[in-house]
Structures are given as structure tokens and as C-alpha cells.
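Asks: This is the structure I have questions about; it appears just below.
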Amino acid sequence: MFACALALAASAGSLALAAGQVADPLPSWNEGPRKAAILAFVRATTDPAGPDFVPPSDRIATFDQDGTLWVEKPVYTEVAFAASRVHDLAGGNPGLHVEEPFRTAIAGDEAAMGRMSYEQLKQIVLMAMTGLPVDQFRAEVARWIATSKNPVLNRPRTALAYAPMKEVLAYFRANGFRTYIVTGGGQDFVRTYSEQVYGIPPEQVVGTADAVNFGYDASGSPVLTLEPSLLLEDIFGGKPEGIHLVIGKRPQAAFGNSTGDRQMLEYARAGTGARLAMLVLHDDAVREFAYGPALGLPASEVGTFTQGLYDEAKAKGWHVISMKDDWRRVFAFEPPAR
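Following this line, the structure appears as C-alpha cells:
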């Protein structure tokens, strides 16, 4: 039944818009199969008379952040922040100036950090955060992100959320879905700005979680301090584990953009009833970046989208969103392409 609804969605939506009956909830999307799939899924799951109806209490959609909701190039935003912290720490630790990956972090070379392995990036992040009280960490993130710019696009990082995906978030929420960020990035880091940038409250962010230690500060006040270990590594199979641990229900819809999101999409699609799995493919070097290596796009350590992931998506009925073809505009500050 859901397949029939999808087949009819594009024509039905066009007729309604032509008649001036409804406003387009996804104006930054080009008409096509991906936009139609989103509209059809929401209609099917919110129609109480239909076979795919989902009660409001069970309407859950999960979204990766980096590369799915906002720009992740030349390196993840959290790593850029951590590098700035390592730079500041290096004044009291001269050895960091000669030891990699910290030497590159101190130099602030985001392109070089974007070529590092995941384990090297994790070293930078843990070095930057260990020993900080959680409240101090969040305050430092808030100060930094308020003024930090992407060095390639020369825009504030908070302005580089994708307009089409923010429309999807708003559309889902307007139809009774709870939207969660499920990210490989640091949970405390993303919670600092998630409501401001995406309208997602901090309690609906599931991310890589640092261990914390409860204690008391010099004045005797309770304090949580970040430790040099992880409670949850929210990437690959860790994403379904984090969803189970924090949300407690399987999502009906899941959106990602890389191999790190594969298991989350598999988990979402394995449930019964209407399901939606979508991957953003970065194939637009003019408006953003192009990388894969799927479909012969340049290989990338950041946001790797392999040909194997692309083939799995096609075989399992997941939708691959072409940034170049499916999005009329990428960012809110640019006019939509005609």
C-alpha cells in the first residue's frame, strides 16, 4: 500500500499546489522521486484510515548530523573546535608541538585534519575535552561556535545547515514526529547548539558520549567532569545501540550520508509497516563539496560514501539524495536554483 501511495504522491502533490490548496512543505527540493518519497511516507504514516498509520507516540525519525544536516568538510566541526582547544593547551605542553596528530591540530590545518584517520581525530577530541567540567565545556563550545567560520565556504558554521533538510525536520515535526539527531559527533558538543540550529532540543540528541565523573568543585558544588574514555561510540553499529539505549524505540525513518550510518538505516528499515531510509550523496562541487568514492566521486576520509553503500541502498530500496539534482538550493542564504 505504501508503494502505491509513493507512486501517486508526485502527481497528487502537483495537482494540489496547482489548485492553490496547500503550501509546499519542501520548497528547497526539486520535484522528483526523493521529494515524492518523503511526502508519501508522511501521508501514509499519519492517515488514521490507512494501513500504514503510526500512532503519534511511535512517530520517530532519526538524522545523522555531519554531512546529513550540515557541512562536514573540510573536517568535522567538533574537530575544528577541539583543534582550537589543543592550540590553547599547547602553551603549557610543548611536546604537543612535535607530536602528531596534535602538531597539525595546533596549526589549525583543517584540510590536513580532514585526511586523518578516525582514530587520529578521536585523539584530538579526547585531548581537548578531558578534565573539563561539562558546564565549562558547553560554555566554551557556545562561545566558539558563535563566531567560527568554515574556512572554505567563508560562512558561519551555524549558517551551513542544509535548507532542504531543515524543511524535512520541520515537516516531520508538523506531522507529529519526534526528530532525533543520532550522530558520531560528541553528544555534549551537539547538544550545545542543536535547538538553535535545528529546533531539536538537547534531550533528543544521541551522540558519542564521553564518560563523566561526578564530584565536587572547590566550593563544594556538585560537578560532572569529562573523562578520557567513551561510554558510547555512536557510529556504525553503535548508532542502533544508542537509539535503543536513549530513545527506546525503533525509528520509522532514518537519514544519513556515509558508511557510519549504514547500520542505523538497516535497523530502521527492519521494522514493520511503512519505512523510509535516505542517504545524502555529496555530488555538488559548485554549491558545496563532491566526495564519495561512490559513482567515481573523489575519495574522502570525512563522510565516506562507498560504492558498496550505494549498491546496498539501491538493492534495498533506500533513497539516495543527489545534492546536485534533488536540491533547488543547499543553504538558506542562497537563492533557489531554477
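When the letters of the sequence shown are read in order and numbered with mature numbering (1 follows the signal peptide of the UniProt record, and there is no 0), they come out as residues -18 to -1, 1 to 320. Positions of the beta carbon are idealized from the N, C-alpha and C atoms, including for glycine.
Identify, in the order they occur along the chain, each residue of the same chain with its Cβ nearer than 8 Å to the Cβ of Phe218, setting aside the five sequence neighbours on each side.
Replies: The residue labelled residue 218 in the question sits at position 236 within the sequence shown. So the list reads Thr241, Gly242, Arg244 and Gln245, once near-sequence residues are dropped.
Asks: Suppose only complete runs of 3+ residues qualify. What are the beta strand (DSSP E) ranges in the stretch 34 to 64, listed by chain order?
Replies: Entirely contained in the stretch 34 to 64, the beta strand (DSSP E) runs reaching 3 residues are, in chain order, 42 to 45.
Asks: Since Pro9 is in the beta strand (DSSP E), which residue starts that stretch and which ends it?
Replies: By one-based count along the sequence shown, residue 9 stands at place 27. Looking at the DSSP string, Pro9 is not in any beta strand (DSSP E), and its letter there is neither H nor E.
Asks: Which first and last residues belong to the alpha helix (DSSP H) in which Arg85 is found?
Replies: Looking up residue 85 in the sequence shown gives position 103. That run of the alpha helix (DSSP H) goes Phe84 to Ala89.
Asks: From Lys306 to Ser201, what does the alpha carbon distance come to, in whole angstroms?
Replies: Position 324 of the sequence shown, counting from 1, holds the residue named residue 306. Position 219 of the sequence shown, counting from 1, holds the residue named residue 201. Their backbone Cα atoms lie some 55 Å apart in a straight line.
Asks: Using only alpha-carbon positions, find the residue among Gly168, Met147 and Asn12 that is nearest to residue 325.
Replies: Because the chain in this structure spans residues -18 to 320, residue 325 falls outside the shown range and cannot be described.
Asks: Can the beta-carbon of Ala160 be found closer than 7 Å to that of Ile88?
Replies: Position 178 of the sequence shown, counting from 1, holds the residue named residue 160. Position 106 of the sequence shown, counting from 1, holds the residue named residue 88. Sequence inspection shows Arg at residue 160; the Ala mentioned does not correspond to that position. No, Cβ-Cβ distance for Arg160 and Ile88 is not below 7 Å.
Asks: From the DSSP output, in three-state form, read off Lys131 for me.
Replies: The sequence position of residue 131 within the sequence shown is 149, counting from 1. Here Lys131 sits in strand by DSSP.
Asks: Distance, Cα to Cα, Ala(-1) vs Val312?
Replies: Position 18 of the sequence shown, counting from 1, holds the residue named residue -1. Position 330 of the sequence shown, counting from 1, holds the residue named residue 312. For Ala(-1), the predicted model reports a pLDDT of 47, less than 50, meaning its position is unreliable and no value from the coordinates is stated.
Asks: In its own chain, which residues sit with a C-beta less than 6 Å from the C-beta of Trp126, not counting the 5 before and 5 after it?
Replies: Here the question's residue 126 lines up with position 144 in the sequence shown. Closer than 6 Å at Cβ, skipping near neighbours: Phe63.
Asks: State the CB to CB distance for the pair Pro83 and Gln102, rounded to an integer number of angstroms; the pair is presumed to be in contact (CB under 8 Å).
Replies: As a position in the sequence shown, residue 83 is number 101, starting the count at 1. As a position in the sequence shown, residue 102 is number 120, starting the count at 1. The pair is a contact, with the Cβ atoms about 4 Å apart (cut-off 8 Å).
Asks: Around the C-beta of Glu270, are 16 or more other C-beta atoms found within 10 angstroms, so that it is buried, or is it exposed?
Replies: Residue mapping note: residue 270 aligns to position 288 of the sequence shown, counting from 1. By the 10 Å Cβ count, Glu270 comes out buried.
Asks: Return the Cβ separation of Glu149 and Pro318 in integer angstroms, given the expectation that the two are a contact with Cβ distance under 8 Å.
Replies: Translated into positions along the sequence shown, residue 149 becomes position 167. Translated into positions along the sequence shown, residue 318 becomes position 336. Between Pro318 and Glu149 the Cβ distance is about 12 Å, and since that is not below 8 Å, they are no contact.
Asks: Threshold first: 3 residues or longer. Then list the beta strand (DSSP E) segments lying entirely within the stretch 174 to 227, N to C.
Replies: Correct list: 187 to 198 and 204 to 214.
Asks: By Cβ distance below 8 Å, which residues in the same chain neighbour Pro7 in space, the five residues on each side in sequence not counted?
Replies: One-based indexing of the sequence shown puts residue 7 at position 25. Once the five neighbours on either side are set aside, the close Cβ partners of Pro7 are Leu21, Glu149, Ala152, Tyr153 and Ala156.
Asks: If you follow the beta strand (DSSP E) that Tyr162 is in, where does it begin and where does it stop?
Replies: Residue numbering aside, residue 162 sits at position 180 when the sequence shown is read from its first letter. Unbroken beta strand (DSSP E) run through Tyr162: Arg160 to Gly168.
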